[in-house]
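For the sequence shown, the positions run 17 to 451 when our numbering is used.
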Amino acid sequence: MHTSPHPQPYRRTIFAALMEVVKIDLIVVPAGFVVAIAFWIIGLGSQLPYSAIPEWAFALWATVSGLSVSTLGFDFSLAPSLVTVGLWLLVAMGAKRVARSTAADSPTESDEDPGGWWALMGTALGTFVVAYAGPLLVVAILVGQATVTPLGFLRLFLFLVTAVAWAFIRVRGIGDIPGLAVIAGDTWIVAARLARRMLWAAAALGAIVLVVGIVIRWSDVAGTVQVYSSPVAAGIGLIVVQALFAPSIVYSALSWSAGTGVSIGGAGASSAFISSTAPVPDVHVLKLLEGDYPAWTAAAPALLVLLGLLCVILGRDRARDIAAQSWLGLGLAIGILFVALEVLALFAGGALGPLGLSGFGPSALTSALAITGWIAVGMAAGLLLIRLSGLHTEYSEFDEDDEEDVDYEDDNAGGFDEDDSEPVADDVVSEDEPR
Numbered sequence: 017m018h019t020s021p022h023p024q025p026y027r028r029t030i031f032a033a034l035m036e037v038v039k040i041d042l043i044v045v046p047a048g049f050v051v052a053i054a055f056w057i058i059g060l061g062s063q064l065p066y067s068a069i070p071e072w073a074f075a076l077w078a079t080v081s082g083l084s085v086s087t088l089g090f091d092f093s094l095a096p097s098l099v100t101v102g103l104w105l106l107v108a109m110g111a112k113r114v115a116r117s118t119a120a121d122s123p124t125e126s127d128e129d130p131g132g133w134w135a136l137m138g139t140a141l142g143t144f145v146v147a148y149a150g151p152l153l154v155v156a157i158l159v160g161q162a163t164v165t166p167l168g169f170l171r172l173f174l175f176l177v178t179a180v181a182w183a184f185i186r187v188r189g190i191g192d193i194p195g196l197a198v199i200a201g202d203t204w205i206v207a208a209r210l211a212r213r214m215l216w217a218a219a220a221l222g223a224i225v226l227v228v229g230i231v232i233r234w235s236d237v238a239g240t241v242q243v244y245s246s247p248v249a250a251g252i253g254l255i256v257v258q259a260l261f262a263p264s265i266v267y268s269a270l271s272w273s274a275g276t277g278v279s280i281g282g283a284g285a286s287s288a289f290i291s292s293t294a295p296v297p298d299v300h301v302l303k304l305l306e307g308d309y310p311a312w313t314a315a316a317p318a319l320l321v322l323l324g325l326l327c328v329i330l331g332r333d334r335a336r337d338i339a340a341q342s343w344l345g346l347g348l349a350i351g352i353l354f355v356a357l358e359v360l361a362l363f364a365g366g367a368l369g370p371l372g373l374s375g376f377g378p379s380a381l382t383s384a385l386a387i388t389g390w391i392a393v394g395m396a397a398g399l400l401l402i403r404l405s406g407l408h409t410e411y412s413e414f415d416e417d418d419e420e421d422v423d424y425e426d427d428n429a430g431g432f433d434e435d436d437s438e439p440v441a442d443d444v445v446s447e448d449e450p451r
């Protein structure tokens with residue numbers, strides 16, 4: 017007979033989810049007001065009304081979460097990605113605590129009620145998402161001047177779904193997810209570690225591409241701040257602003273290397289294959305997108321292939337694990353990498369004022385696919401090299417020898433088995449003597 021779960025776990029679950037959302041809001045909303053007040057003080061020369069403070073505060077919250085905002089006569093849909101990553105981590109950690117407390121209330125599924133565990137977990141995470149997204153959308157649209165666009169809602173949806181999915185997998189793994197339970201735990205662990213290694217390596221490669229570009233075009237980059245009335249203050253301000261957009265800038269460098277490039281205000285794209293003469297604002301990294309490039313920059317996609325190759329073959333233990341999971345583990349890692357890059361691509365483009373930033377960023381449709389494709393070629397080549405070198409066979413033989421040694425030791429561990437062996441001193445010590 018089917019019996020419904022006791023309502024008390026649901027009440028505890030909903031209350032726990034609401035409390036986590038309140039904790040996040042108590043951090044995010046005051047921080048947004050602090051930033052808005054700072055901007056209001058800077059803009060006092062324009063005699064801005066006090067009503068601009070809450071408008072800017074909630075507009076910032078909306079933009080960071082992926083929504084589009086129209087204020088001060090400009091469209092803002094290019095999120096400050098470093099702040100977005102910080103907010104994502106805050107939401108993900110809150111969802112993780114909710115999932116952990118729910119798992120403690122119902123650690124396993126019941127045979128009599130197999131849907132009870134999923135109902136409880138779904139209630140927890142669903143309450144968390146609704147309680148966070150609901151007030152955000154209300155204040156963003158009514159106060160923060162957020163506009164209803166499909167891209168904005170898609171980014172907000174992915175922002176929340178990826179945070180909740182990460183939290184759930186960290187707490188429960190993939191064994192509870194229908195369709196993914198067939199994947200062995202070892203395969204998932206190896207694939208997740210490989211994907212994480214690829215993401216960090218890709219970030220490092222993007223930073224290296226930026227540094228090389230700055231060195232090559234140092235005169236153009238250094239002369240950027242000279243157009244401002246106070247070059248020192250402008251330089252410091254531009255560095256801070258660029259730091260806030262650092263993840264998007266690094267991803268744009270990867271898109272540039274992959275050949276899909278970076279669009280500049282709808283006036284064409286700049287990539288390793290094609291240069292652009294479209295005007296850009298006087299910002300350091302944007303100066304790297306205009307003008308001609310040396311002919312050897314056309315080989316930039318080879319860096320992504322080399323990246324995938326090295327991440328697979330470096331480290332004998334890691335290479336052994338990857339070879340053991342074969343193509344399934346490699347394909348799973350490529351899938352995780354593509355999802356992460358696609359989410360980054362959606363947040364790396366948008367509008368941020370006039371001129372070259374009216375429509376700026378890499379293509380969300382093709383950049384993640386191209387970057388993943390080049391890296392996947394290197395990963396496949398790395399796995400083939402491991403197989404051709406016989407490294408996986410070598411480790412398999414070592415594993416078999418280790419198992420035989422363990423079996424031999426287990427069979428000959430007589431000195432420690434009280435049932436099958438006698439003390440070694442029984443033939444020396446008399447039974448009448450004290451032991």
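Note that the Cβ used here is the ideal one computed from N, Cα and C, for glycine as well.
Among the options, nearest to residue i - alpha-carbon criterion
| i | options | result |
| --- | --- | --- |
| Gly398 | Arg336, Ala200 and Ala32 | Arg336 |
| Phe90 | Gln341, Gln258 and Ala75 | Ala75 |
| Leu357 | Ser287, Gly307 and Ala218 | Ala218 |
| Thr313 | Ile205, Ile193 and Ser291 | Ser291 |
| Thr165 | Ser93, Trp104 and Leu196 | Ser93 |
| Asp236 | Glu306, Trp272, Thr87 and Ala140 | Glu306 |
| Ile230 | Ala200, Ala208, Leu215 and Val299 | Val299 |
| Ile193 | Trp216, Trp134 and Ala52 | Trp134 |
| Ala361 | Pro25, Ala211, Val206 and Leu270 | Leu270 |
| Gly102 | Arg28, Ile40, Leu221 and Trp216 | Ile40 |
| Gly366 | Ala52, Val393 and Val85 | Val85 |
| Thr388 | Leu319, Ile252, Ile205 and Ser405 | Leu319 |
| Gly345 | Ala220, Leu153, Val206 and Ile53 | Val206 |
| Ala140 | Ile199, Gly222 and Val37 | Val37 |
Exposure label - residue i; buried when at least 16 CB within 10 Å
| i | result |
| --- | --- |
| Leu330 | exposed |
| Pro295 | exposed |
| Tyr66 | exposed |
| Leu196 | exposed |
| Leu170 | exposed |
| Phe414 | The predicted model places Phe414 with a pLDDT of 43, which falls under 50 and marks its position as unreliable, so this point remains unresolved. |
| Trp104 | buried |
| Gly160 | buried |
| Val227 | exposed |
| Ser383 | buried |
| Pro263 | buried |
| Leu42 | exposed |
Three-state secondary structure (DSSP) of residue i
| i | result |
| --- | --- |
| Leu76 | helix |
| Pro25 | helix |
| Val155 | helix |
| Thr163 | strand |
| Val299 | coil |
| Leu368 | strand |
| Gly2 | Nothing about residue 2 can be read from this structure; the chain reaches only from 17 to 451. |
| Ala294 | coil |
| Gly377 | strand |
| Phe289 | coil |
| Ser245 | coil |
| Ile199 | coil |
| Glu36 | helix |
| Asp91 | strand |
| Ser67 | coil |
Other residues of its chain near residue i: CB distance less than 6 Å, five sequence neighbours each side excluded
| i | result |
| --- | --- |
| Val145 | Leu176 |
| Thr19 | Confidence at Thr19 is low in this model, with a pLDDT of 47, below 50, so its placement is unreliable and the value that follows should be read with caution. Around Thr19: no qualifying Cβ. |
| Ala277 | The sequence given here places Gly at residue 277; Ala does not occur at that position. So the list reads Ala285, Ser286 and Ser287, once near-sequence residues are dropped. |
| Ala250 | Val241 and Tyr244 |
| Ala183 | Ala108, Ala111, Lys112 and Ala115 |
| Phe49 | Ala73 |
| Ala211 | Ala349, Ile352 and Leu353 |
Check whether residue i and residue j have beta carbons under 8 Å apart
| i | j | result |
| --- | --- | --- |
| Val44 | Ala111 | no |
| Pro247 | Val241 | yes |
| Ala274 | Pro317 | yes |
| Ile265 | Val225 | no |
| Leu9 | Arg233 | With the chain covering 17 to 451 only, the question about residue 9 has no answer from this structure. |
| Ile391 | Gly284 | no |
| Tyr267 | Ala349 | no |
| Thr203 | Leu34 | no |
| Pro378 | Phe261 | no |
| Ala149 | Leu172 | yes |
Same chain, Cβ closer than 7 Å to residue i, neighbours up to 5 away in sequence not counted
| i | result |
| --- | --- |
| Val187 | Lys112, Ala115, Arg116 and Ala119 |
| Ala156 | Phe74, Trp77, Ala78, Leu83 and Ala162 |
| Val359 | Leu174 and Thr178 |
| Thr100 | Val80 and Phe363 |
| Leu368 | Phe92, Leu94 and Phe376 |
| Phe289 | Gly275 and Ala314 |
| Glu71 | Thr87, Val159, Gly160 and Gln161 |
8 Å CB neighbourhood of residue i in its chain, flanking five on each side removed
| i | result |
| --- | --- |
| Ile402 | Val328, Ile329, Ala335, Ile338, Ala339 and His408 |
Distance cut-off 7 Å: residue i Cβ against heavy atoms of the ligand SAM
| i | result |
| --- | --- |
| Gly394 | Absence of the ligand SAM is noted for the structure shown, with no ligands found whatsoever. |
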